[in-house]
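Here is the structure we will look at, set down as structure tokens.
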Amino acid sequence: MNRLHASGLTLVLALAFASGALFVPARAGAADTTAPVAIGATVEDFTLPDADGRAHTLASLKGKAGTVLIFIATRCPVSNAYNERMEKLYQDYKARGFNVVGINANVSEPATEVKEHAAAKGLTFTILKDNGNRVADRLGAERTPEAYVLDAAGRLVYHGRIDNAQNATNVTASELRDALDALLAGKPVAKTEAKAFGCSIKRAS
Amino acid sequence: MSRKPRRLAATGRRRKPAAVWPRRALAFALALGAVWASGDARVRTSASARAAAPDGVYQPKRKARGVRRVPRGRKARTGTDATAPGATAVAPVPLLDAEGVKRLLARGAPPNDRPLLVNFWATWCEPCREEFPDLIKINRDYDARGLEFAAISVDDPAEANRGVPRFLRELGATMPAYVLNVTDSEPVINAVDPTWGGELPATFLFDRQGRVVYQHKGRVKPAALRAAIDKVTSDK
């Protein structure tokens, strides 16, 4: 019996280390941030669930003229300051061939909260839940709100802020809309990156 | 040594020990391995589990770890309205424009001889509020050891005489503090560090030559920050 227990204990420890070893590479892989997608590079297809758990691919959400991905949050005051502007952007540009997609990558904000928040704030565009922040890592997203504009071919043409002021009455530069207008006009995007303060994305790892 | 097999409550059937043991062992092993692999996840979970403040409103907590209490004889603020009857007046925090930020950053360059720690934060930013007690301790520990410290709030400038000084007073913060007053934050972000995207909180340590020698986005890790400060303050 003692021998049986001893061999059993050895087996347990061996399995523990083996299973731990299985977890470690996954964690290390997540921490190893590969270079974010650069301006001009194609954003690879990905699949994420919406707040109801339905899976969507980027390809299925692409607009004819292009796609806007915006990392958003439910609790970030900066992101919330842009709720109306994001919804208006979606309404203004969907008939012109652009789709707007929200992505929530905050581990602290569950899907149920994302759904309730969207309903309460009147956000009607698709919002995906980036559990494990895999897409945020791939795109190099760090804050909310943070926008990515893809052209019709899926190439990244703009990355950064929506505009230059949290208070809508103080806006003097709207780089995100400028990028969409440039694509519609067949012109190159004048300013491909712009920064603003935002909430850090609360990552799972 | 022989043990009677336990009866399963639901079925009354006897369970064979030999069949149960490996399953339990496997489950235990997997759990042990997962815990071993997860490292410091517990710390992050406890921090992120804290309740968030409502949108854009700083609500003082009854008690925060590492927070110096309001001195006796002075009324502690528990509400959010500084204009309420009986509210204790708070001295406004100075505003800082983009040129002011650049002048401040030049403080960490020759001919100045003190390294400079700059923290960007806001009262509406949960991890900013959570890390502030650690920053206050660091300021107290290193002020006499040759470190300059500036806390720059990116709150609405209107908060310079409301939420920001109230928060600083409640925590007993004594480091130089400012509220950013700019129409466009991008030039400030790039002046501080071109690799910074603007996420908050963000902490930068400049050496005596004005070079960024440590930076952290998100809630600071005090041990790592202290190690960087120890190094930069000991470098001559």
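Protein chains in written order, with my numbering: chain A, 1 to 205; chain B, 1001 to 1236.
Just so it is clear, CB atoms sit at the ideal spot from N, CA and C, and this is done for glycine as well.
Once you ignore the five residues that flank residue i on each side, which residues in its own chain have a CB closer than 6 Å to its CB?
{"i": "residue 182 of chain A", "result": "189"}
{"i": "residue 193 of chain A", "result": "159 and 160"}
{"i": "residue 1149 of chain B", "result": "1117, 1139 and 1175"}
{"i": "residue 1085 of chain B", "result": "Only weak support exists for where residue 1085 of chain B lies, its pLDDT of 43 falling under 50; the value from the coordinates is given anyway. Cβ neighbours of residue 1085 of chain B beyond the five flanking positions: none."}
Could you please give me the residues that DSSP links to residue i through a beta bridge?
{"i": "residue 1120 of chain B", "result": "B:1152 and B:1202"}
{"i": "residue 171 of chain A", "result": "Its beta-bridge partners do not exist; DSSP assigns none."}
{"i": "residue 67 of chain A", "result": "A:99 and A:150"}
{"i": "residue 1180 of chain B", "result": "B:1096"}
{"i": "residue 144 of chain A", "result": "A:199"}
{"i": "residue 55 of chain A", "result": "A:49"}
For the alpha helix (DSSP H) that residue i lies in, which residues bound it at each end?
{"i": "residue 73 of chain A", "result": "No alpha helix (DSSP H) holds residue 73 of chain A; DSSP gives it neither H nor E."}
{"i": "residue 1225 of chain B", "result": "1222-1234"}
{"i": "residue 1139 of chain B", "result": "1126-1142"}
{"i": "residue 1190 of chain B", "result": "1186-1192"}
{"i": "residue 135 of chain A", "result": "134-139"}
Considering residue i, what are the terminal residues of the beta strand (DSSP E) in which it resides?
{"i": "residue 104 of chain A", "result": "98-104"}
{"i": "residue 61 of chain A", "result": "Segment 58-61 is the alpha helix (DSSP H) holding residue 61 of chain A; no beta strand (DSSP E) there."}
{"i": "residue 1217 of chain B", "result": "1212-1217"}
{"i": "residue 156 of chain A", "result": "156-160"}
Check residue i in the structure and name its three-state DSSP category.
{"i": "residue 48 of chain A", "result": "strand"}
{"i": "residue 194 of chain A", "result": "strand"}
{"i": "residue 91 of chain A", "result": "helix"}
{"i": "residue 1102 of chain B", "result": "helix"}
{"i": "residue 124 of chain A", "result": "coil"}
{"i": "residue 129 of chain A", "result": "strand"}
{"i": "residue 41 of chain A", "result": "coil"}
{"i": "residue 1096 of chain B", "result": "strand"}
{"i": "residue 1173 of chain B", "result": "coil"}
{"i": "residue 275 of chain A", "result": "Lying before the first or after the last residue shown, residue 275 of chain A is absent from chain A, which here runs from 1 to 205."}
{"i": "residue 111 of chain A", "result": "helix"}
{"i": "residue 1037 of chain B", "result": "Legend: pLDDT at residue 1037 of chain B = 39, less than 50; position of this residue unreliable, value from coordinates given subsequently. Three-state result, residue 1037 of chain B: helix."}
{"i": "residue 1157 of chain B", "result": "helix"}
{"i": "residue 1031 of chain B", "result": "For residue 1031 of chain B, the predicted model reports a pLDDT of 49, less than 50, meaning its position is unreliable and no value from the coordinates is stated."}
{"i": "residue 176 of chain A", "result": "helix"}
Taking 7 Å as the threshold (beta carbon to beta carbon), is residue i in contact with chain E?
{"i": "residue 1186 of chain B", "result": "Reference to chain E is not applicable here, since the protein chains of this structure are A and B."}
Please work out which residues of its chain come closer than 7 Å, Cβ to Cβ, to residue i, disregarding the five sequence neighbours upstream and downstream, and give them in chain order.
{"i": "residue 1091 of chain B", "result": "1165"}
{"i": "residue 184 of chain A", "result": "65 and 96"}
{"i": "residue 202 of chain A", "result": "106, 107 and 108"}
{"i": "residue 199 of chain A", "result": "73, 76, 78, 79, 143 and 144"}
{"i": "residue 1209 of chain B", "result": "1109 and 1110"}
{"i": "residue 196 of chain A", "result": "161 and 164"}
{"i": "residue 1226 of chain B", "result": "1138"}
Q: Specify whether the segment 1170-1177 of chain B and the segment 1185-1197 of chain B touch according to this definition: at least 3 beta carbon pairs, one from each stretch, less than 8 Å apart.
A: Taking 8 Å as the limit for Cβ pairs, the verdict is that the segment 1185-1197 of chain B does not touch the segment 1170-1177 of chain B.
Q.
Would you call the segment 1203-1215 of chain B in contact with the segment 1109-1123 of chain B, where contact means no fewer than 3 C-beta pairs closer than 8 Å?
A. Output reads yes: the segment 1109-1123 of chain B touches the segment 1203-1215 of chain B.
Q: Say whether the segment 81-95 of chain A touches the segment 112-127 of chain A, bearing in mind that this needs 3 or more beta-carbon pairs closer than 8 Å, one atom from each stretch.
A: Cβ pair count under 8 Å is three or more, so yes.
Q: Would you check if the segment 147-158 of chain A and the segment 47-67 of chain A touch, i.e. whether three or more CB-CB distances between them fall below 8 Å?
A: Using a Cβ-Cβ distance cut-off of 8 Å, the segment 47-67 of chain A and the segment 147-158 of chain A are in contact, since at least three pairs of beta carbons, one from each stretch, lie closer than that value.
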